[in-house]
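S.K.: Sharing a structure with you now.
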Amino acid sequence: MKPLHTTVCAALLVFSLPLHAKEAAKKKSAPAPAKPAASGGQAFGWPFVEWQQMVPRGGTTRGADVTLLEGPKDTWTKLQEQGISKFERDRRAILSLAGNYRVSFDFTESFGLKANFKPARPYFSWGTENVTVIEDRPEFLSLQHTLVMYFKDEKGKSGPPMVMKHWREDWTWQPKEMSIYDKDSTWKRVPAPSPEGRWSQAVYQVDDSPRYQAIGAWVHDGGLSSWRSDPCARPLPRREFSVRNDYNVLEGIEEVTITPGGWVHQQSNRKMLVAKDGARICLGGEIGVNRYEAITAPDLAGPFNAYWAKTGNYWKDVRATWDEILHGRETFTLKPKDGEDELFKVHFTYAGELEKADRSDPEADMKHARETIDRFLVK
Numbered sequence: 548m549k550p551l552h553t554t555v556c557a558a559l560l561v562f563s564l565p566l567h568a569k570e571a572a573k574k575k576s577a578p579a580p581a582k583p584a585a586s587g588g589q590a591f592g593w594p595f596v597e598w599q600q601m602v603p604r605g606g607t608t609r610g611a612d613v614t615l616l617e618g619p620k621d622t623w624t625k626l627q628e629q630g631i632s633k634f635e636r637d638r639r640a641i642l643s644l645a646g647n648y649r650v651s652f653d654f655t656e657s658f659g660l661k662a663n664f665k666p667a668r669p670y671f672s673w674g675t676e677n678v679t680v681i682e683d684r685p686e687f688l689s690l691q692h693t694l695v696m697y698f699k700d701e702k703g704k705s706g707p708p709m710v711m712k713h714w715r716e717d718w719t720w721q722p723k724e725m726s727i728y729d730k731d732s733t734w735k736r737v738p739a740p741s742p743e744g745r746w747s748q749a750v751y752q753v754d755d756s757p758r759y760q761a762i763g764a765w766v767h768d769g770g771l772s773s774w775r776s777d778p779c780a781r782p783l784p785r786r787e788f789s790v791r792n793d794y795n796v797l798e799g800i801e802e803v804t805i806t807p808g809g810w811v812h813q814q815s816n817r818k819m820l821v822a823k824d825g826a827r828i829c830l831g832g833e834i835g836v837n838r839y840e841a842i843t844a845p846d847l848a849g850p851f852n853a854y855w856a857k858t859g860n861y862w863k864d865v866r867a868t869w870d871e872i873l874h875g876r877e878t879f880t881l882k883p884k885d886g887e888d889e890l891f892k893v894h895f896t897y898a899g900e901l902e903k904a905d906r907s908d909p910e911a912d913m914k915h916a917r918e919t920i921d922r923f924l925v926k
């Protein structure tokens, strides 16, 4: 059993002592400096910056113990099967993303282009997440990510699971069109570039509004199954827009690699300030590594299935509404707020009411989905 910690600890790569502290320790006339507490850090973590300035920010909660899967996932074994087509191996790689995972999210700034640049603190967070295939057609796969978190109280006792709908990813074989992010909460529909033999990955926010869409090819070589995207633009994630406002587009290359016990999502990102006339300024870059490690405990699928049984039809209506918008408009812009309301909060409040309800009302669900999304579209 391995506990989940997000307090800064030696489990993250540790920085060595600063040079001046080492020199002081060599002087017999001076007492050896106290060794600093184990600190968090990451690869490429600015070793000449005082470690106290580079302690990762992010979650500080302690989760329930997890049991990692022993041996490879069944989907990994199927992925290695000989004699199948490239297309079928691509599909099996995408299906391998489903499962129950301990997930870690690591981001470190790798360079800056401002004069006297000082790197921001790295970011680290974690979660236990269920990934379920909610739609499976020959040339289209949709996977829903849902956080299922068990927290410990001050006495170390685990409480009931907290279930929160997370992001969604849709994979499309050789798409004709894509909805790409422009800037300032605006998306536009464009022809897919060189779609032959490639899959697009469309990523959606927790409320099923679009985030970004990228296209790339799966490569299978000597046991490696990896998908690498063309550069794609995205709105700022919460970990960034909650602490800074000096840029408005995160542009990056995505890479998804399947492992025997899960998968890894790597990102190489550029932080761009894009003006209304299209003028671009690059402020710097970051590296991201998100690891999905398969677990067998605690139970994540059960709480997700219970949540989805109550809310799944409503979220299906939300997806259908967005499909109409994405395929029916050349461009659209979302408002960050409607009065004091935020889009995800309105959806989540309604879904919370459905969890408590004894029965569903399909007409009311669809009406609420359509009216809610319409409120946040710039007319």
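So for the sequence shown, the numbering used here puts the first residue at 548; every next one is plus one. Virtual Cβ for every residue (Gly too), placed ideally from N, Cα, C.
Looking at C-beta atoms only, is the number of pairs between the segment 646-661 and the segment 832-850 that lie closer than 8 Å three or more?
M.R.: Taking 8 Å as the limit for Cβ pairs, the verdict is that the segment 832-850 does touch the segment 646-661.
S.K.: Using DSSP's beta-bridge definition, name the partner residues of Arg775.
M.R.: Bridge partners of Arg775: Ala764, Glu802.
S.K.: Give, in chain order, every unbroken run of the alpha helix (DSSP H) that is at least 4 residues long and sits entirely within the segment 586-668.
M.R.: Listed in chain order, they are 621-626, 633-642.
S.K.: Under DSSP, the beta strand (DSSP E) around Tyr861 begins and ends at which residues?
M.R.: First-last for Tyr861: 848-875, but that is the alpha helix (DSSP H), not the beta strand (DSSP E).
S.K.: Specify the secondary structure class of Pro909 as computed by DSSP and reduced to three states.
M.R.: Three-state DSSP puts Pro909 in a helix.
S.K.: Of the choices Trp746, Glu676, Val613, whose alpha-carbon is the least far from that of Asp637?
M.R.: Checking every option, the nearest Cα to that of Asp637 belongs to Trp746.
S.K.: Quick one: Cα of Pro666 to Cα of Lys823, how far?
M.R.: Distance between the alpha carbons of Pro666 and Lys823 is about 27 Å.
S.K.: What three-state label does DSSP hand Ile842 in the structure shown?
M.R.: It is a strand residue.
S.K.: Taking Cβ to Cβ, would you say Arg922 is nearer than 8 Å to Asp885?
M.R.: For Arg922 and Asp885, yes; Cβs fall inside 8 Å.
S.K.: In or out: Ala584 buried (at least 16 other Cβ within 10 Å) or exposed?
M.R.: With a pLDDT of only 43 at Ala584, under 50, the local geometry of the prediction cannot be trusted, and no value is derived from it.
S.K.: What residue does the beta strand (DSSP E) around Lys818 start on, and which one ends it?
M.R.: Segment 809-821, the beta strand (DSSP E) holding Lys818.
S.K.: Cutting at 7 Å between CB atoms, please list the residues of its own chain near Asp912, excluding the five before and the five after it.
M.R.: The residues are Asn860, Tyr861, Asp864.
S.K.: Is there a C-beta anywhere in chain B that falls below 8 Å from the one on Arg906?
M.R.: The structure shown contains no chain B; it is built from a single protein chain.
S.K.: Need the endpoints of the alpha helix (DSSP H) that Val790 sits in, please.
M.R.: Segment: none, Val790 is in no alpha helix (DSSP H) and carries neither H nor E.
S.K.: Provide the residue span of the beta strand (DSSP E) that contains Glu682, from first to last.
M.R.: That run of the beta strand (DSSP E) goes 670-684.
S.K.: Given Val1010, which residues of its chain have a CB within under 8 Å of its CB, disregarding the five upstream and five downstream residues?
M.R.: Because the chain in this structure spans residues 548 to 926, residue 1010 falls outside the shown range and cannot be described.
S.K.: Would Gly808 be called buried (16 or more neighbouring beta carbons within 10 Å of its own) or exposed?
M.R.: Gly808 should be labelled buried.
S.K.: Report all residues from its chain with a CB closer than 8 Å to the CB of Ala764; omit the five preceding and five following residues, and keep chain order.
M.R.: Excluding residues within five positions, the ones whose Cβ falls inside 8 Å are Gly744, Arg745, Trp746, Trp774, Arg775.
S.K.: Do Val678 and Leu690 have their C-beta atoms within less than 8 Å of each other?
M.R.: It is a contact, given that the beta carbons lie within the stated cut-off.
S.K.: Since Met709 and Thr675 should fall inside the 8 Å C-beta cutoff, what is the C-beta to C-beta distance between them, to a whole number of angstroms?
M.R.: The pair is not a contact, with the Cβ atoms about 10 Å apart (cut-off 8 Å).
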